[in-house]
Amino acid sequence: MIRKSRKQIFLDGIIFENPLLVLAMGICPAVSVTARVSSGLVMGLSMLFVVLCSNVMISALKRIIPSRVRIPCYMVIIASFVTIARYLITAYLPAFETSLGVYLPLMVVNCAIFGRAEGFASRNSIINSAVDGLGTGAGYTMALVLMGAVRELAGSGTVFGIPVPTGPVKPITVFLFTPGGLFTLGVLIAIARKLTSKGPAEEQKKICLGCPASAACPMNGKGGCER
Amino acid sequence: MKDFFYIIIGAVLVNNVVMVKGLGICPLFGQGNDSRAVHGLSASVLLIMLLSTACAWPVYRFVLVPFGIDYMETIVFVLIIAGLVQLAEILIERFLPGLRGKLGIYLPLTASNCAVLGLLEQNITAGRDLAYSMISALGTGLGFWLVMFLFEGIRSRVDAADIPESFRGTASYLIAASIMGLSFMGLTGLLDGLFGM
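One line per chain: the protein sequences are A and B, in this order.
Letter 13 of the first sequence, counting from 1, is numbered 19 in our numbering, and no numbers are missing.
Letter 10 of the second sequence, counting from 1, is numbered 1492 in our numbering, and no numbers are missing.
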């Protein structure tokens, strides 16, 4: 394994290995909660909290967790932090509890978090894992905010709830629904791939790295997971 | 009986788990492109949805709530799903070895499918009773199956098309899925029309 500086680890998470735009991980919450910038931001920050804490915890416990039962162990650790994040939001940001709804507990099965646990935190030092968690979380947050800005502007003509003059162009309401989210994400992924020039093959390898089932999967690392 | 069809049609077409709620999108973009994989995975998801609802609902109602630990629901549900997947795998291996190739190899993938956990959470948040939860599990699983099946056909055409390099793969699948989602949005008024509610 090539040793990377901490700055490089952090930047990788934000740009070159951006979980959403480059690796296409964690698509479900991204298309569902980004109808407004603010809910995208809160979702991204909860992800940041969970991936940072679970990375640190898993890295600290990496010699204690037996490798055969590591997947359930990671699930319990991640689920605990997800529960903490969920109740913090219920207590301090109750308005977002309804808009994020079921997608907050669903962070447990988010492959972006799992990918960092399995692919990074389980074999790196605590500090490096924390830096990686910060980078991944910040990258995911930025991607969600970007998606939220595009969708809110196109769908309701506002950004952060502030009306933006769009001239004669009327808001296109469909951007606020799931199809609009899928479309926005598709275009953003294409732009990101153009900018970072990563081919589909590279992407597939990374998806397997993040898949919680990869340990049990006969096609691990080769692609074609569903066959 | 009317309620049964109301819930089923609602879950399959009007509030489709993938196209309207945006859950369980990842399996759409897996690289497998033969219909056997699609049916194997979808059948596993349906099976695990039914089993996990049948387990999670009583556990939540009779264990978590009476002991005041309902905040543990996410952790418990995840473990229930993982345990059932493991159990189903062992049982299929032991008693129905003929199904192993068709169903067994797709079971591990369902443990990480957010549509399954999402269903359990929604059953609890919406305060549904056991019968309602089981029927929505059936409807949600069938809705997932329908979308997987339809999208498999679209995906093979998208793969064959000549599209710009940066749009290949996930990006083009997402846009194709978005257009498919638009057609599901057209079914919004279906329940009112059918049942007059």
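For every residue, glycine included, the Cβ atom is placed at its ideal position computed from N, Cα and C.
Predicted model only: the values in this text are computed from it and were never measured.
Counting other Cβ atoms within 10 Å of its Cβ, T96(A) stays below 16 and is therefore classed as exposed. Secondary structure at T164(A): strand, using DSSP grouped into helix, strand and coil. In the three-state reduction of the DSSP assignment, P72(A) falls in the coil class, being assigned neither a helical nor a strand state.
In the three-state reduction of the DSSP assignment, P185(A) falls in the helix class, which pools H, G and I.
At a cut-off of 8 angstroms, the C-beta of S1648(B) has a neighbouring C-beta in chain A. Straight-line spacing of the CA atoms in I84(A) and L1676(B) works out to 43 angstroms. In this structure, I1530(B) lies away from V1500(B), with their beta-carbon atoms at least 8 angstroms apart. For I1507(B), same chain residues with a beta-carbon under 8 angstroms away, outside a window of 5 residues either side, are V1500 and A1659 in chain order. For M1616(B), the closest C-alpha among the options I1562(B), C1537(B) and K1484(B) is that of C1537(B). Chain-order list of chain A residues neighbouring I1657(B): L188, F189, G192 and V193, by C-beta distance under 8 angstroms. Taking all protein chains shown into account, V82(A) has fewer than 16 neighbouring C-beta atoms within 10 Å of its C-beta and is therefore exposed. Here P1590(B) carries a helix assignment [DSSP, helix/strand/coil]. Ranking Y146(A), G143(A) and L182(A) by CA distance to the CA of S162(A) puts L182(A) first.
In the three-state DSSP reduction, P100(A) falls in the helix class (H, G or I). Proximity of E1603(B) to chain A, defined by a Cβ-Cβ separation below 8 angstroms, is satisfied. The contact set of S86(A) on chain B, defined by CB atoms closer than 7 angstroms, consists of I1557 in chain order. Within a 10 Å sphere around the beta-carbon of V108(A) sit 16 or more other beta-carbons, which makes this residue buried. One thing to note: Y146(A) has its Cβ within 8 angstroms of the Cβ of A118(A). Annotation: the continuous alpha helix (DSSP H) that includes M1662(B) extends over T1652 to M1667.
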